[in-house]
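In UniProt numbering, the protein residues as written are 1 to 578.
Every residue, glycine too, gets a C-beta built ideally from N, C-alpha and C.
Quick caveat: nothing in here was measured; it's all calculated off a predicted structure.
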């Protein structure tokens, strides 16, 4: 195994420090565990299970830094799609092959639509999971299960709204400390100019700062003061780019770290001159009251880049349909009772998007080993409904917390919950050893299917994928460069555009870092796009410097032009090389 693959494997299985948000954990325990308890007591366990499943799915798909309004909108869009998926079970009453063809067609459209936008991607995953799970159900009241699923989604949305009303203000201290920490590291790395490794570390810290800033930059018109702190950090970063001597950069890093030791609060901005200067500039701006400039111009329902039936989207649909159909065939042919497990695992790995499927397959296998072991122990001790409901509630409480550390850790608790749900709705032996080994075998088979038929047999499919990823970054770059060279650009507008471009840059670099260590051909393609990412970062910095350095506009203007020209050359080379 090459060093790059070892690094990729470490990255795939790595974890960060888990962050406990007790409100999210409590909401997850109530929305997932309580319906299961009620179903156990009333005898409506399958119906209650689908309520809990809906809440678990939306809980597992949560991302940090997302407003509760956006989460509720996602539920409103995805839940009806999932509702319709239940009725696919009635098609299985016709003939097996008609049902099989129908599922393949659904998989094709789900894989295609998953490339359109975030909401379509999430909906595609839910549709594929439900259509595969209802295949093995012996009980036929699909319409009733669909209604209870909607009820579970509604219960989850109510919980999110209540939590949002109570905790809608993000901690100013936490945001400020995160920004200061990453900015200090960035300055220290930029002070090292004697090796290529230092330059790589500098790019890493720049990406980290962009990611931290993008995650913290949650728009909320009700809390303008929180946004003022973010803008102060943004301006400090822009001013730090003007420093070109190691001593100045190290001095700034030390000052930032010293500021952290005092657990700085918003009212203490005056204690640090650079942040205070940025804050004063913001306060004195003419359009300080224009809060509309702080709103992001994004729409999760908007079709990505205005493209729909592109070759990239269609190839994604074909890949998912091929792998899903193979998974269904193996499920029919193998002597297993829960025949949907293979196809369901394929759907869970290949959606909500088709990128990094190899990494997600590895995470799924590792998570399945641990999760199956945990579920086997729980079922071996006791398999009563009350016992399972208690453990489901405990694992639901831990799901948001442990999921914030790693996708692998999230599987540790999701796999047992899904196993318990499947044990309820699907007939077959309830022996925990048989059940666990069956699930583990299905996971390994699904991973092999995905790697061979969803990855290796498509040697050039990732090329247009990286081009698609670069489109929003390039658009944000050109808009930002045009804005900083325009006269009279407001500070608010510049802040929003800079936030957008660094967020896109961070996302693009992160995708390349993950892809470059994957097996060929993805690694070969990603390597050609690394110079593009570095040129884009240089163009970002040149545009930011142009905006900040009012004493040397000609020089920075030349620098921006050169950075733009270099980026165009890099893009042309990466796109034309086969």
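List the whole-angstrom C-beta distance separating residue i from residue j, where the pair is believed to meet the contact cut-off of C-beta under 8 Å.
i, j, result
"residue 108", "residue 114", "Between residue 114 and residue 108 the Cβ distance is about 11 Å, and since that is not below 8 Å, they are no contact."
"residue 486", "residue 56", "Rounded, the Cβ-Cβ distance is 48 Å, inconsistent with contact."
"residue 314", "residue 368", "Wrong, their Cβ atoms sit about 31 Å apart, outside the cutoff."
"residue 536", "residue 505", "6 Å"
"residue 392", "residue 33", "6 Å"
"residue 60", "residue 410", "7 Å"
"residue 480", "residue 498", "6 Å"
"residue 540", "residue 501", "6 Å"
"residue 75", "residue 156", "7 Å"
"residue 442", "residue 380", "Incorrect: roughly 20 Å between the Cβ atoms, too far for contact."
"residue 249", "residue 187", "4 Å"
"residue 129", "residue 414", "That belief does not hold up - the Cβ atoms of residue 129 and residue 414 are roughly 12 Å apart, past 8 Å."
"residue 408", "residue 366", "5 Å"
Enumerate in chain order the residues of its own chain whose CB-to-CB distance from residue i is below 6 Å, with the five nearest sequence positions on each side excluded.
i, result
"residue 184", "253, 256, 257"
"residue 268", "Confidence at residue 268 is low in this model, with a pLDDT of 46, below 50, so its placement is unreliable and the value that follows should be read with caution. Nothing listed; no residue qualifies."
"residue 523", "516"
"residue 78", "122, 123, 126"
"residue 53", "421"
"residue 83", "146, 150"
"residue 36", "48, 52, 389, 392"
"residue 627", "For the chain, the structure presents residues 1 to 578; residue 627 sits outside this window and is missing."
"residue 317", "108, 111, 112"
"residue 80", "none"
Buried or exposed: which applies to residue i, given that a residue is buried once 16 or more other Cβ atoms fall within 10 Å of its Cβ?
i, result
"residue 525", "buried"
"residue 234", "buried"
"residue 245", "exposed"
"residue 343", "buried"
"residue 417", "buried"
"residue 19", "exposed"
"residue 158", "exposed"
"residue 554", "Only weak support is given to the placement of residue 554: the predicted model assigns it a pLDDT of 45, under 50, and the question is left unresolved by the model."
"residue 605", "Because the chain spans 1 through 578 in this model, residue 605 falls outside it and cannot be assessed."
"residue 509", "buried"
"residue 166", "exposed"
"residue 420", "buried"
"residue 41", "exposed"
"residue 39", "buried"
"residue 359", "buried"
"residue 98", "exposed"
"residue 364", "buried"
"residue 247", "exposed"
"residue 43", "exposed"
"residue 412", "buried"
"residue 101", "exposed"
"residue 583", "In the structure as shown, the chain starts at 1 and stops at 578, and residue 583 therefore has no counterpart that could be examined."
"residue 311", "exposed"
"residue 308", "exposed"
"residue 63", "exposed"
"residue 236", "buried"
"residue 456", "exposed"
"residue 92", "buried"
Near residue i, which residues of its chain fall below 7 Å by C-beta distance, leaving aside the five closest residues on each side in sequence?
i, result
"residue 50", "145, 148, 149, 152"
"residue 346", "323, 324, 327, 446, 449, 450"
"residue 134", "86, 88, 89, 142"
"residue 161", "68, 72"
"residue 527", "516"
"residue 131", "85, 88, 103, 106"
"residue 330", "342, 445"
"residue 243", "249, 252"
So does residue i have its beta carbon nearer than 7 Å to some heavy atom of the ligand GTP?
i, result
"residue 343", "With respect to small molecules bound, the structure shown includes none, and the ligand GTP cannot be examined in it."
Return the chain-ordered list of same chain residues with a C-beta closer than 8 Å to the C-beta of residue i, the five sequence neighbours on each side being excluded.
i, result
"residue 494", "483, 484, 547"
"residue 163", "23, 24, 27, 68"
Validate contact between the stretch 368–383 and the stretch 463–482 using beta carbons, cut 8 Å, 3 pairs: no
At least 3 beta-carbon pairs within less than 8 Å: the stretch 19–38 vs the stretch 401–416: yes
Residue ranges of each alpha helix (DSSP H) within the stretch 110–142, 4 or longer: 118–133
Whole alpha helix (DSSP H) elements within the stretch 67–95, 4-residue minimum: 68–85
Inside the stretch 307–394 only - alpha helix (DSSP H) runs reaching at least 4 residues: 311–333, 341–350, 357–381
Those runs of the beta strand (DSSP E) which lie wholly inside the stretch 507–549 and span at least 3 residues: none
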